[in-house]
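Here the protein sequences come in this chain order: A and B.
Following the UniProt record's numbering, the numbering of the first sequence begins with 1 at its first residue and continues without gaps.
Following the UniProt record's numbering, the numbering of the second sequence begins with 1 at its first residue and continues without gaps.
A virtual CB, placed ideally from N, CA and C, is assigned to each residue, including glycine.
Since the model is a prediction, treat every value here as computed from it, not as a measurement.
Please read the structure below before turning to the comments.
There are 2 protein chains.
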Amino acid sequence: MKKKLSIVDIANELNVSKTTISFILNGRAQEKRISNELVERVMKYVAEVGYKPNSLAKSLRTGKSNTIGLMVEDISNPFFASIARLIEDRAYKNGYKIIYCSTDNDTSKTQDLIGMFRDRHVDGYIMAPPEGIEEDIESLIKDGMPVVLFDRHLPGVKTDFIEIDNLFSTYNATKHLIEQGFKNIAFVTFASHQTQMVDRVKGYEDAVKSDGLKSTVKEIVFNQDEEQIMVPLRDFFKENPNIDAILFGTNHIGTCGLKVMNELGKKAPTDIAVISFDDYDVFKLHSPPVTAIAQPVEAIADNVITVLLEKLNDRSSSAKPQSIVLKTDLRIRNSSLKK
Amino acid sequence: MKKKLSIVDIANELNVSKTTISFILNGRAQEKRISNELVERVMKYVAEVGYKPNSLAKSLRTGKSNTIGLMVEDISNPFFASIARLIEDRAYKNGYKIIYCSTDNDTSKTQDLIGMFRDRHVDGYIMAPPEGIEEDIESLIKDGMPVVLFDRHLPGVKTDFIEIDNLFSTYNATKHLIEQGFKNIAFVTFASHQTQMVDRVKGYEDAVKSDGLKSTVKEIVFNQDEEQIMVPLRDFFKENPNIDAILFGTNHIGTCGLKVMNELGKKAPTDIAVISFDDYDVFKLHSPPVTAIAQPVEAIADNVITVLLEKLNDRSSSAKPQSIVLKTDLRIRNSSLKK
DNA sequence: TTTTAATACTAAATCGGTTAACTGTAAATA
DNA sequence: TATTTACAGTTAACCGATTTAGTATTAAAA
Numbered sequence: 001m002k003k004k005l006s007i008v009d010i011a012n013e014l015n016v017s018k019t020t021i022s023f024i025l026n027g028r029a030q031e032k033r034i035s036n037e038l039v040e041r042v043m044k045y046v047a048e049v050g051y052k053p054n055s056l057a058k059s060l061r062t063g064k065s066n067t068i069g070l071m072v073e074d075i076s077n078p079f080f081a082s083i084a085r086l087i088e089d090r091a092y093k094n095g096y097k098i099i100y101c102s103t104d105n106d107t108s109k110t111q112d113l114i115g116m117f118r119d120r121h122v123d124g125y126i127m128a129p130p131e132g133i134e135e136d137i138e139s140l141i142k143d144g145m146p147v148v149l150f151d152r153h154l155p156g157v158k159t160d161f162i163e164i165d166n167l168f169s170t171y172n173a174t175k176h177l178i179e180q181g182f183k184n185i186a187f188v189t190f191a192s193h194q195t196q197m198v199d200r201v202k203g204y205e206d207a208v209k210s211d212g213l214k215s216t217v218k219e220i221v222f223n224q225d226e227e228q229i230m231v232p233l234r235d236f237f238k239e240n241p242n243i244d245a246i247l248f249g250t251n252h253i254g255t256c257g258l259k260v261m262n263e264l265g266k267k268a269p270t271d272i273a274v275i276s277f278d279d280y281d282v283f284k285l286h287s288p289p290v291t292a293i294a295q296p297v298e299a300i301a302d303n304v305i306t307v308l309l310e311k312l313n314d315r316s317s318s319a320k321p322q323s324i325v326l327k328t329d330l331r332i333r334n335s336s337l338k339k
Numbered sequence: 001m002k003k004k005l006s007i008v009d010i011a012n013e014l015n016v017s018k019t020t021i022s023f024i025l026n027g028r029a030q031e032k033r034i035s036n037e038l039v040e041r042v043m044k045y046v047a048e049v050g051y052k053p054n055s056l057a058k059s060l061r062t063g064k065s066n067t068i069g070l071m072v073e074d075i076s077n078p079f080f081a082s083i084a085r086l087i088e089d090r091a092y093k094n095g096y097k098i099i100y101c102s103t104d105n106d107t108s109k110t111q112d113l114i115g116m117f118r119d120r121h122v123d124g125y126i127m128a129p130p131e132g133i134e135e136d137i138e139s140l141i142k143d144g145m146p147v148v149l150f151d152r153h154l155p156g157v158k159t160d161f162i163e164i165d166n167l168f169s170t171y172n173a174t175k176h177l178i179e180q181g182f183k184n185i186a187f188v189t190f191a192s193h194q195t196q197m198v199d200r201v202k203g204y205e206d207a208v209k210s211d212g213l214k215s216t217v218k219e220i221v222f223n224q225d226e227e228q229i230m231v232p233l234r235d236f237f238k239e240n241p242n243i244d245a246i247l248f249g250t251n252h253i254g255t256c257g258l259k260v261m262n263e264l265g266k267k268a269p270t271d272i273a274v275i276s277f278d279d280y281d282v283f284k285l286h287s288p289p290v291t292a293i294a295q296p297v298e299a300i301a302d303n304v305i306t307v308l309l310e311k312l313n314d315r316s317s318s319a320k321p322q323s324i325v326l327k328t329d330l331r332i333r334n335s336s337l338k339k
């Protein structure tokens, strides 16, 4: 077990001060007028023995950790998992590591996690924030930490965020159902005051109202345990036997909804037409396949990391926060629905 | 932007040496005979101002970072995502953070990532190792790093691992198909020399041979791009028109397989019976639902973290490595297959 | 000839903790 | 009375880097 080399070992071996080594390794040789000769000698030796500076020591001194904290609702949800994956790739390419965690949409858990991230001196934060976290985020921002939100934003908080056009997405999907001739369209979603959910509900309501149809919104309490989501769904179907189409507010609730429909022997789309927010394999492979509102996952991840890197590279920048709103894609999978 | 308090600030404020503060905060007051009076005064002040020790400085001095490096094949794969989620929870509860990354089963990428983790002084490693990484893992172990492998292991490398009984799982699934009366059963999987894949193939082959049936194994090159997986699958179906049942080696390939079957208008299970490794929503919700080999995800995550925490708490322990092999569950979803 | 400037580095402080070794006093033991 | 022991802490070194301020030498400018 060879002990790791430190900058002092290198300095001693080459009879040079560690300051010089440090300057050379940080590309400040020119600026500090270190002779090319010496630079070469040092670089050669460093490569030879494979010396790597201790990043903890470096972080302690410089205050930068080259780490980004990523907080999503649940890393095992395919939507967040794929965004996390894309962010991870881009971050590594730019020399950043990711520390991630799942908030479960739980405010106090999230506060704890922010504390951990702070303590670990992450350089920047990417998060899909839960409700009630406004003050904590504001305090991060006040302390000069770059914060980029995605999937939703916090109305009072002035920071960058990337999201999609939720209102139009559900409006458009609902209109699509109406055009297909459905009259009793329900919207089933998680109970939430978050911006993305509020907008999704509003999009749906705007659409049904514009056609003089009745609005039926069912809100379900978020729960980790899938069974706890399915219970109220069963009730919903029993209480609303005349529903002919449903729009689900997230992939998770859409999946649970399909499971319950299976249980109850209700076929999509012959018995009840279904559209879900967030597209993924379950909907594509369902037979017949389920129409879904696909979020531009790559574009979201790209924008998130681009904006964050910008802030990281130009800390002082007081440019006003960017709000990027991306379009979704309604993937219509059953053109022959009802008519 | 109030600057963060350091231990020196606390010491000065209370007119005590920082050593004393450190002892008290690390629960060594008794041992170092610090008076209860002083302990209380310090604790009260620390709580009041919300002082939190700088973990970077702490790590630098102690060599421990309270971080675990988690390397999976692909964090956006539901199998790995759910294991990651469970490991995350357990790790946080025990005061550890997770740094994660996806290896893509790429050896040199993984080597890079190990380098990063090393550099960040992670306290332990959890990984689903790619091929060809034996030496790197051995060098980690030689340097005293706790390493726990899962999903597969490296035959020559003596370290703990958690996996499932792959051989029996595919043997059993194949037998099940045979019992249903299928005669032309194919096994479609990723090309790999990894232990889990080798065992899965062997389990299949043992089963078909034991009944004197023909073995048809199709190996597909792993690729990030789904289309690159579907091309050889299409070929496979065209070249083997008399196949009446397929066993897919992973959830990913199973999902792609179903997509291709959809394209080609082949129905599961009426045209071709299907069983896939790794159970998830896509298989549960497929109509009719697809039989799958479910891995005990919670048990895997539990065992992984338990073994790692044991090693972390007892570094010197030279107890010989544990090999834990868990059972899978064949979730039969179409009892009325053929007969 | 003296002053200034450029060259090529280095010493020491610093980041914020932990820890081995030590100090000074009072009471207990030899 | 002289020596231990217990008590209640403190001093200073250390982890491994970065960075500010400085030094010694030579060359150019005044």
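Is the beta carbon of residue i less than 7 Å from the beta carbon of residue j?
i	j	result
residue 264 (chain B)	residue 236 (chain B)	no
residue 300 (chain A)	residue 277 (chain A)	no
residue 191 (chain A)	residue 221 (chain A)	yes
residue 274 (chain B)	residue 290 (chain B)	yes
residue 100 (chain B)	residue 70 (chain B)	yes
residue 92 (chain B)	residue 66 (chain B)	no
residue 184 (chain B)	residue 244 (chain B)	yes
residue 114 (chain B)	residue 68 (chain B)	no
residue 141 (chain A)	residue 147 (chain A)	yes
residue 131 (chain B)	residue 196 (chain B)	no
residue 282 (chain A)	residue 281 (chain B)	yes
residue 326 (chain B)	residue 164 (chain B)	yes
Closer than 7 Å, CB to CB, is residue i near chain A or not?
i	result
residue 33 (chain B)	no
residue 60 (chain B)	yes
residue 120 (chain B)	yes
residue 281 (chain B)	yes
residue 216 (chain B)	no
residue 56 (chain B)	yes
residue 255 (chain B)	yes
residue 258 (chain B)	yes
Using a Cβ-Cβ cut-off of 7 Å, state whether residue i counts as contacting chain B.
i	result
residue 332 (chain A)	no
residue 337 (chain A)	Residue placement at residue 337 (chain A) is poorly supported in this model, since its pLDDT is 49, which falls under 50; the coordinates still yield a value, given next. No, its Cβ sits nowhere closer than 7 Å to a Cβ of chain B.
residue 85 (chain A)	yes
residue 52 (chain A)	yes
So which residues on chain B does residue i lean against when the C-beta distance must stay under 7 Å?
i	result
residue 305 (chain A)	Those within 7 Å of residue 305 (chain A) in chain B number zero; the least Cβ separation is about 15 Å.
residue 412 (chain A)	The structure shown does not extend to residue 412 (chain A), since chain A is modelled only from 1 to 339, so the question has no answer here.
Relative to the C-alpha of residue i, which candidate in the options has its C-alpha closest?
i	options	result
residue 89 (chain B)	B:319, B:302, B:321	B:302
residue 119 (chain A)	B:57, B:310, B:12	B:57
residue 123 (chain B)	B:325, B:234, B:59	B:59
residue 344 (chain B)	B:12, B:334, B:14, B:7	Residue 344 (chain B) is absent from the structure shown; chain B starts at 1 and stops at 339.
residue 111 (chain B)	B:133, B:205, B:104, B:254	B:133
residue 284 (chain A)	B:309, B:258, B:295	B:258
residue 40 (chain A)	A:20, A:331, A:52, A:53	A:20
In chain A, what lies closer than 9 Å to residue i by C-beta?
i	result
residue 262 (chain B)	284, 285, 287, 289
residue 99 (chain B)	67, 97, 98, 99, 100
Whose Cβ in chain A lies nearer than 7 Å to the Cβ of residue i?
i	result
residue 137 (chain B)	Here the premise fails: no neighbours, minimum Cβ distance about 15 Å.
Residue i versus chain B: which residues are under 8 Å apart at the beta carbon?
i	result
residue 78 (chain A)	76, 78, 81
Which chain B residues sit within Cβ distance under 9 Å of residue i?
i	result
residue 270 (chain A)	Neighbours of residue 270 (chain A) on chain B: none; closest Cβ ~12 Å, over 9 Å.
Could you name the residues of chain A that residue i contacts, counting a contact when the two beta carbons are closer than 8 Å?
i	result
residue 125 (chain B)	What residue 125 (chain B) touches in chain A: nothing, since even the nearest Cβ is about 14 Å away.
residue 73 (chain B)	What residue 73 (chain B) touches in chain A: nothing, since even the nearest Cβ is about 11 Å away.
Problem - Cβ pair count under 8 Å reaching 3, the stretch 73–86 of chain A against the stretch 74–86 of chain B - result: Enough Cβ pairs lie closer than 8 Å, so yes.
Practice task
State whether the stretch 171–188 of chain B contacts the stretch 140–152 of chain B, with contact taken as three or more CB pairs (one from each stretch) at a distance under 8 Å.
Solution key: no
Exercise for the section: Would you be able to state if there are at least three C-beta pairs under 8 Å between the stretch 207–224 of chain A and the stretch 156–164 of chain A? Expected result: no
Practice task
Check whether the stretch 250–257 of chain B touches the stretch 188–206 of chain B, counting contact only when three or more Cβ pairs, one atom from each stretch, lie closer than 8 Å.
Solution key: yes
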